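Asks: Quick note: the sequence shown, position 129, residue 131 per my numbering, numbers continuous.
A virtual CB, placed ideally from N, CA and C, is assigned to each residue, including glycine.
Predicted model, so just to flag it, every value in this text is computed and none were measured.
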Amino acid sequence: RYGDSDAPERLDVIWADAQHTRMAALRTTERKSAWRSANGIKVGMAIADVDLLNERSFQLRGFEADDPGLVLSWAGGKLEPAAASSCRLVVRFTPTVFESTRLDWRLIEAIQSSPEVVSDDKRIKPYKLVVSAIGLEWR
3 RYGDSDAPER LDVIWADAQH TRMAALRTTE RKSAWRSANG IKVGMAIADV
53 DLLNERSFQL RGFEADDPGL VLSWAGGKLE PAAASSCRLV VRFTPTVFES
103 TRLDWRLIEA IQSSPEVVSD DKRIKPYKLV VSAIGLEWR
């Protein structure tokens, strides 16, 4: 981690090598972080607001899979990169609600085993998903 633990500028740096000469990723998981993507995505942002920025729904990993809540594809929306690049934006969503009504629970049960979901799927609404991490990865 770089920066003071309370500093809004703090970032997690993941190195690609033991000598710390090549970065593999930068990310933040702090709601108070000053960091945002170039398109305005920030930690704590609701999934519906990210849908609006993308101007369409997008695909993310299901919540019973490895790497839950990770955006898999922007589905040709505004957040889709214009060209192939060695650097990519990484966004992960996390539920904010862990207690559910009986109806909510039925919706959650219907989606739990899905390996992938679409951001505007009504079955994920009870989760009240928010951005829990944003960052950049280099390949």
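Is the beta carbon of V73 closer than 8 Å to that of F60?
Replies: Residue numbering aside, residue 60 sits at position 58 when the sequence shown is read from its first letter. Residue numbering aside, residue 73 sits at position 71 when the sequence shown is read from its first letter. Yes. Within cutoff.
Asks: So who's on the other strand from M25, going by DSSP bridges?
Replies: Looking up residue 25 in the sequence shown gives position 23. W17, per the DSSP bridge assignment.
Asks: Within a Cβ cutoff of 7 Å, which residues of the same chain sit near S116, ignoring the five residues on either side of it in sequence?
Replies: As a first step, residue 116 is located in the sequence shown; it is residue number 114 there, counting from the start. Same-chain partners within the cutoff: G64.
Asks: Helix or strand or just coil, what does DSSP make of A48?
Replies: In the sequence shown, counting from the first residue as 1, residue 48 sits at position 46. Here A48 sits in strand by DSSP.
Asks: Please report how far the alpha carbon of R141 lies from the alpha carbon of I16, in whole angstroms.
Replies: As a position in the sequence shown, residue 141 is number 139, starting the count at 1. As a position in the sequence shown, residue 16 is number 14, starting the count at 1. So the two alpha carbons sit approximately 12 Å from each other.
Asks: Let me know the secondary structure DSSP gives L55 once reduced to three states.
Replies: Numbered from its first residue, the sequence shown carries residue 55 at position 53. Helix.
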